[in-house]
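Everything in the sequence shown is counted per this note's numbering, starting at 1 for the first residue and increasing by one. The block underneath contains the structure these notes are about, expressed in structure tokens.
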Amino acid sequence: NQRGAFYVSTIALSDPDGMVHVETRGECWGRVLRKPRGEGGFGYDPLFEIAEYHQTFAEMGAAVKRAISHRARSLRAFLRILDNLVSS
């Protein structure tokens with residue numbers, strides 16, 4: 001029963017010529033359930049249990065989901081790098 005899975009989000013910053021200068025990646029690890037759990041979210045949210053929380057995205061509150069999602073993780077990393085670029 002191979003049920004492990006993960007979501008991935010990548011954010012990149014490139015110049016007009018397509019040269020990528022910054023690229024970040026966020027991952028959210030878990031497993032695909034056989035039966036949906038929870039009422040919130042959309043898409044696969046009721047079927048994807050987050051490893052460290054033992055809840056699906058559909059069972060979590062929106063604030064928690066926004067804080068730990070693969071998109072949030074890649075965006076936080078991107079903003080840290082962007083802040084360093086702007087500050088230097």
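The C-beta atom is built at its ideal place from N, Cα and C for all residues, glycine as well.
Reduced DSSP secondary structure (H/G/I, E/B, other) of residue i
{"i": "Phe6", "result": "strand"}
{"i": "Arg76", "result": "helix"}
{"i": "Arg71", "result": "helix"}
Where the beta strand (DSSP E) containing residue i begins and where it ends
{"i": "Arg66", "result": "It is not in any beta strand (DSSP E) - Arg66 instead sits in the alpha helix (DSSP H) that spans Ala62 to Ile68."}
{"i": "Phe48", "result": "Phe48 to Ile50"}
From the options, residue whose alpha carbon lies closest to that of residue i
{"i": "Arg76", "options": "Leu33, Asn1, Pro36 and Ala12", "result": "Ala12"}
{"i": "Phe42", "options": "Gly61, Trp29 and Glu27", "result": "Gly61"}
{"i": "Thr24", "options": "Val86, His54 and Leu79", "result": "Leu79"}
{"i": "Arg93", "options": "Arg37, Thr10 and Gln55", "result": "Summary: the structure shown does not reach residue 93, with the chain confined to residues 1 through 88, and so no result is reported for it."}
{"i": "Ala58", "options": "Met19, Arg37, Asp83 and Gly4", "result": "Arg37"}
{"i": "Val32", "options": "Asp15, His70, Tyr7 and Glu39", "result": "Tyr7"}
For residue i, the residue or residues it bridges with in DSSP
{"i": "Ile11", "result": "Thr24"}
{"i": "Gly30", "result": "Ala5 and Ile50"}
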